[in-house]
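In our numbering, the protein residues as written are -12 to 69.
The following block contains the structure:
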């Protein structure tokens, strides 16, 4: 998944993270909806993508594992929105 693909799907790149989150070296994308905010974290050193909702400092992790493509990611995102 590229940044362009994620942004075309409605995600916004988070170019700043406050201290105290568990997100380390990687890219964080945010999808804002009317009911929830879903975050997708793509770490640099691993293929364990995280899909989470809730508080940035104490997220509710919906899925953590490998994802092969954007279509699969969007299925997990839809699940997190339920």
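Think of the CB as a built atom: it goes at the ideal place given N, C-alpha and C, for glycine as much as any other residue. Treat the numbers as computed from the prediction; the structure is a model and nothing was measured.
- Counting only unbroken stretches of 3 or more residues, the beta strand (DSSP E) elements lying wholly within the region 29 to 54 are 36 to 41 and 46 to 52, in sequence order.
- Rounded to whole angstroms, the gap between the alpha carbons of residue 39 and residue 1 is 14 Å.
- Spanning the alpha carbons of residue 42 and residue 13 requires a straight line of approximately 19 Å.
- For residue 13, the uninterrupted beta strand (DSSP E) run begins and ends at 13 to 19, by DSSP.
- Collapsing the DSSP output to three states places residue 63 in a helix.
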